[in-house]
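S.K.:
Protein chains: 2
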Amino acid sequence: MKSYGQYCSVAKTLDLVGDRWTLLIVRELLLRGPIRYTDLRGGLPGIATNLLADRLRALEAAGVVAREEPGPPIATTLFRLTPRGEELREALEALGRWGIPLMVPGPAAGDAFRAPWLAFPAEQFLADRRPDGPPVRIEVRTAEGAIVIESREGRIQTLPGTTEKPDAVLSGKSHAVLGLLTGRVDLPAAESMGLRCEGDRAVLRRLLPKPIATAPEPAPKLSS
Amino acid sequence: MKSYGQYCSVAKTLDLVGDRWTLLIVRELLLRGPIRYTDLRGGLPGIATNLLADRLRALEAAGVVAREEPGPPIATTLFRLTPRGEELREALEALGRWGIPLMVPGPAAGDAFRAPWLAFPAEQFLADRRPDGPPVRIEVRTAEGAIVIESREGRIQTLPGTTEKPDAVLSGKSHAVLGLLTGRVDLPAAESMGLRCEGDRAVLRRLLPKPIATAPEPAPKLSS
DNA sequence: CCGCATCCGGGGCGATACTG
DNA sequence: CAGTATCGCCCCGGATGCGG
């Protein structure tokens, strides 16, 4: 994209990561770590393959992404964030926080969903009420994949995929899971939305936010 | 722009503010407050006037911007952020922080500059070492306008424009001012870059960051 | 003047096909 | 698997016009 030509740190940032799709590529790399081109495509439904290649080249030139060619055992290329790219996490989190109210009405018709996208809300809204307790892991399953939410020593972390012997398992539609994770609805309400919960419910109560008396923010008008 | 069609809060945010120029429009509204269309254009060198009108309409529909028609004394329209729009400040600040290293090499050939753009670095890097002291104001003048940096009760604020009886006045090139405000260079070094300083230098020492032993971050490669 | 609307060229973007 | 090639289309950029 053409530079904005402005000596301003916001404009300079957008010169590098303001292109369409670019910040979503960074999102995937933040959430899923070193990843193959094809898996990256899978996490970015809708992107054109030439655009993905273009963006990866530009991000590499900008020092945000590094390309890694592992040795003989692995015959593929991995893309990962550089330390400088990792520093975009704060900005991505801020943008994601701002977007939470936009998720309340539920997915629009035709919206894609991937389980790792739950990681931002999870790390943002969950907190361990017993930070000194033993580590716990909750597995979250949706039709489009699973993530594991782990709390150890008071820190919440998420990993894509599943785990053995989770303390609890949540499964259901993305909208119901999200309502629960953001504290917008409580567990019984989420279950009435189709969420299923197995395992130790005390572990859930330990991590889940207190449901908030919803602010009177009106549903944003749909446009575009 | 077309929606990404992803049920993810980052993607939903970018659906609303990810268009080219949109976040820079929000930047101007954050830094300069309610403002006329023409002045907005002046703060966004390079934007096409039809794009500005399009973006303002879209931001209005998204609930980020409100249009205000003052009464008879004023015969113009003012654009301002809604409270929801103000909430984008954190995201803009995070993006601006990430871009500070990109400012170190100085403006690229042909880069535009406006004094209010210094506000993000100023509020980010300055801190009052004597929060209980009397309020102080520093006026910063460049060829492209001036801002006032004010500290009262330990809080740093910036306003576009000038003020009467500032405690100190800094004037010079944007690059020198920025180096000083971010703590990359100290006052003597900035003066050797052409910065001029009048008034109470103790006030400057009270607010300026301690110059940092510069991290060994190499200058980012230029590309575009 | 201020706040746009219209027109038009060029390029970024989207979808599909194809390849080492 | 990791891209390149190709081809419309629409968004963007720049200029001009125009009603209030």
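Just so you know, the protein sequences line up as chains A and B, in that order. Following this note's numbering from start to finish, the first sequence increments by one per residue and tops out at 361. Following this note's numbering from start to finish, the second sequence increments by one per residue and tops out at 361. Idealized CB from N, CA, C, for every residue including glycine. All figures in this text were calculated on a predicted structure; none of them were measured in a lab.
Work out the CA separation of A/L177 and A/A199 for me, nearest whole Å.
M.R.: The sequence position of residue 199 of chain A within the first sequence is 62, counting from 1. The sequence position of residue 177 of chain A within the first sequence is 40, counting from 1. Approximately 19 Å, taken between the alpha carbons.
S.K.: At a Cβ cut of 7 Å, what residues of the segment 206-230 of chain A count as close to chain B, listed as they run along the chain?
M.R.: E224, L225, E227, A228, L229
S.K.: So, using beta-carbon positions, are B/I237 and A/S288 closer together than 8 Å?
M.R.: Along the second sequence, one-based indexing puts residue 237 of chain B at 100. Along the first sequence, one-based indexing puts residue 288 of chain A at 151. Cβ atoms of B/I237 and A/S288: not closer than 8 Å.
S.K.: Who does A/L218 pair with in a DSSP beta bridge?
M.R.: For the purposes of this step, residue 218 of chain A is identified with residue 81 of the first sequence, where counting begins at 1. The secondary-structure analysis by DSSP pairs A/L218 across a beta bridge with A/V202.
S.K.: First and last residue of the alpha helix (DSSP H) that includes B/T150?
M.R.: Counted from its first residue, the second sequence places residue 150 of chain B at position 13. 146-154 is the span of the alpha helix (DSSP H), which, as asked, contains B/T150.
S.K.: Does B/S308 have its Cβ less than 8 Å from a Cβ in chain A?
M.R.: The residue given as residue 308 of chain B occupies position 171 in the second sequence. No, because no Cβ of chain A sits closer than 8 Å to the Cβ of B/S308.
S.K.: Report the partner residues of B/L315 according to the DSSP bridge assignment.
M.R.: Counted from its first residue, the second sequence places residue 315 of chain B at position 178. DSSP lists no partner for B/L315.
S.K.: When you compare only the Cα positions, how much space is there between B/P357 and A/H312?
M.R.: As a first step, residue 357 of chain B must be located in the second sequence, where it is residue number 220. As a first step, residue 312 of chain A must be located in the first sequence, where it is residue number 175. Unreliable placement is indicated for B/P357, whose pLDDT of 47 sits below 50; no coordinate value is reported for it.
S.K.: What number of angstroms, rounded off, separates the C-alpha of A/L344 from the C-alpha of A/T319?
M.R.: Position 207 of the first sequence, counting from 1, holds the residue named residue 344 of chain A. Position 182 of the first sequence, counting from 1, holds the residue named residue 319 of chain A. The straight-line gap from Cα to Cα measures roughly 11 Å.
S.K.: Please identify the residue among B/L181, B/I293, B/V314, B/G298 whose C-alpha is closest to the C-alpha of B/A249.
M.R.: In the second sequence, the residue the question calls residue 249 of chain B occupies position 112. B/L181 is the residue among B/L181, B/I293, B/V314, B/G298 whose C-alpha sits nearest the C-alpha of B/A249.
S.K.: Over the uninterrupted alpha helix (DSSP H) stretch that includes A/Q261, give me the two end residues.
M.R.: Translated into positions along the first sequence, residue 261 of chain A becomes position 124. Boundaries of the alpha helix (DSSP H) around A/Q261: 256-262.
S.K.: Taking Cβ to Cβ, would you say A/D323 is nearer than 8 Å to A/I293?
M.R.: Here the question's residue 323 of chain A lines up with position 186 in the first sequence. Here the question's residue 293 of chain A lines up with position 156 in the first sequence. No. Outside cutoff.
S.K.: Counting only the same chain and skipping the five closest in sequence on each side, list residues whose C-beta sits under 8 Å from that of A/R192.
M.R.: Reading the first sequence from its first residue, position 55 is the one you call residue 192 of chain A. Excluding sequence neighbours, A/R192 sits near D156, W158, T159, I162.
S.K.: I need the DSSP call for B/V285, collapsed to helix, strand or coil.
M.R.: By 1-based counting over the second sequence, the position of residue 285 of chain B is 148. Residue state, collapsed to three classes: strand.
S.K.: From B/T219 to B/V202, what does the alpha carbon distance come to, in whole angstroms?
M.R.: Indexing the second sequence from 1 puts residue 219 of chain B at position 82. Indexing the second sequence from 1 puts residue 202 of chain B at position 65. Rounded to whole angstroms, B/T219 to B/V202 spans 5 Å at the Cα level.
S.K.: Closest Cβ-Cβ distance between B/P357 and chain A: below 8 Å?
M.R.: Stepping through the second sequence from its first residue, residue 357 of chain B is reached at position 220. Annotation note: pLDDT 47 at B/P357 (below 50); position unreliable, coordinate value reported separately. By this cut-off, B/P357 is an interface position.
S.K.: So B/S308 and B/R338 are in contact, right, with Cβ under 8 Å, and what is the actual spacing, rounded?
M.R.: Your numbering for residue 308 of chain B matches position 171 in the second sequence. Your numbering for residue 338 of chain B matches position 201 in the second sequence. Their Cβ separation, rounded to whole angstroms, is 14 Å, which puts B/S308 and B/R338 out of contact at 8 Å.
S.K.: So, for A/R194: in the same chain, excluding its five sequence neighbours on each side, which residues have a beta-carbon less than 8 Å away from its beta-carbon?
M.R.: As a first step, residue 194 of chain A is located in the first sequence; it is residue number 57 there, counting from the start. Around A/R194: no qualifying Cβ.
S.K.: Name the residue from A/G247, A/G243, A/A280, A/G183 whose alpha carbon lies nearest to the alpha carbon of A/L317.
M.R.: Taking the first residue of the first sequence as 1, we reach residue 317 of chain A at position 180. Of A/G247, A/G243, A/A280, A/G183, the residue nearest in Cα terms is A/G243.
S.K.: Taking A/D176 as the query, report the chain B residues whose CB atoms sit under 7 Å from its CB, ordered along the chain.
M.R.: For this step, residue 176 of chain A is matched to residue 39 along the first sequence. Ordered by position in chain B, no residue passes the 7 Å Cβ test against A/D176, which lies about 16 Å from the chain.
S.K.: Could you tell me the alpha carbon to alpha carbon distance between B/T299 and A/L225, rounded to whole angstroms?
M.R.: Here residue 299 of chain B is taken as the residue at index 162 of the second sequence, counted from 1. Here residue 225 of chain A is taken as the residue at index 88 of the first sequence, counted from 1. Whole-angstrom Cα-Cα distance: 34 Å.
S.K.: Assuming A/Y144 and A/D152 make a contact with CB atoms under 8 Å, what is their CB distance in whole Å?
M.R.: Reading the first sequence from its first residue, position 7 is the one you call residue 144 of chain A. Reading the first sequence from its first residue, position 15 is the one you call residue 152 of chain A. Contact flag wrong, Cβ pair sits at about 11 Å.
S.K.: In whole angstroms, give me the CA-to-CA distance for A/G270 and A/A259.
M.R.: As a working note, residue 270 of chain A is residue 133 in the first sequence. As a working note, residue 259 of chain A is residue 122 in the first sequence. Rounded to whole angstroms, the separation of the alpha carbons of A/A259 and A/G270 is 19 Å.
S.K.: If we cut at 8 Å on Cβ distances, does B/P353 have a partner in chain A?
M.R.: For the purposes of this step, residue 353 of chain B is identified with residue 216 of the second sequence, where counting begins at 1. Any reading at B/P353 must be qualified, since the residue scores a pLDDT of 49, below 50, and its modelled position is unreliable; the value itself is stated next. No, because no Cβ of chain A sits closer than 8 Å to the Cβ of B/P353.
S.K.: Tell me where the alpha helix (DSSP H) around B/L167 begins and ends.
M.R.: Within the second sequence, residue 167 of chain B is the residue found at index 30, counting from 1. 159-169 is the extent of the alpha helix (DSSP H) around B/L167.
S.K.: Please list the residues of the segment 247-280 of chain B that have a C-beta atom closer than 8 Å to any C-beta atom in chain A, keeping them in chain order.
M.R.: G247, D248, A249, F250, R251, W254, F257, P258
S.K.: Determine the DSSP secondary structure at B/L332, reduced to helix, strand or coil.
M.R.: Looking up residue 332 of chain B in the second sequence gives position 195. In the structure shown, B/L332 sits in coil (DSSP, three-state: anything other than H, G, I, E or B).
S.K.: If you drop the 5 nearest sequence neighbours on each side, which residues of the same chain put their C-beta closer than 7 Å to that of A/A283?
M.R.: Against the first sequence, residue 283 of chain A aligns to sequence position 146. Cβ within range, chain order: A252, E276, V277, G298, T299.
S.K.: Determine, using beta carbons only, whether A/I162 comes closer than 8 Å to chain B.
M.R.: Walking along the first sequence from the start, residue 162 of chain A turns up at place 25. Chain B, which has no Cβ nearer than 8 Å to the Cβ of A/I162, makes this no.
S.K.: Quick check on B/M138: buried or exposed, where buried means 16 or more other Cβ atoms within 10 Å of its Cβ?
M.R.: Within the second sequence, numbered from 1, the residue matching residue 138 of chain B stands at position 1. With fewer than 16 other Cβ atoms within 10 Å, it is exposed.
S.K.: Taking the alpha-carbon of A/R267 as reference, which of A/E223, A/L341, A/G247 has the nearest alpha-carbon?
M.R.: As a working mapping, residue 267 of chain A is identified with position 130 in the first sequence. That would be A/L341, whose Cα lies nearest to the Cα of A/R267.
S.K.: Are the beta-carbon atoms belonging to B/L217 and B/P171 less than 8 Å from one another?
M.R.: Mapped onto the second sequence, residue 217 of chain B falls at position 80. Mapped onto the second sequence, residue 171 of chain B falls at position 34. As written in the sequence, residue 217 of chain B is Arg, which differs from the Leu given in the question. Cβ atoms of B/R217 and B/P171: closer than 8 Å.
S.K.: Is B/L324 close to chain A? Criterion is C-beta to C-beta, closer than 8 Å.
M.R.: Along the second sequence, one-based indexing puts residue 324 of chain B at 187. No, no contact with chain A.
S.K.: Going by the beta-carbon positions, is the gap between B/A228 and A/A231 smaller than 8 Å?
M.R.: One-based indexing of the second sequence puts residue 228 of chain B at position 91. One-based indexing of the first sequence puts residue 231 of chain A at position 94. Their beta carbons are under 8 Å apart, which means B/A228 touches A/A231 by this criterion.
S.K.: For the beta strand (DSSP E) that B/A305 lies in, which residues bound it at each end?
M.R.: Within the second sequence, the letter at position 168 stands for residue 305 of chain B. Here the beta strand (DSSP E) through B/A305 covers 305-308.
S.K.: Kindly indicate which three-state DSSP category B/V340 falls into: helix, strand or coil?
M.R.: In the second sequence, counting from the first residue as 1, residue 340 of chain B sits at position 203. In the three-state reduction of the DSSP assignment, B/V340 falls in the helix class, which pools H, G and I.
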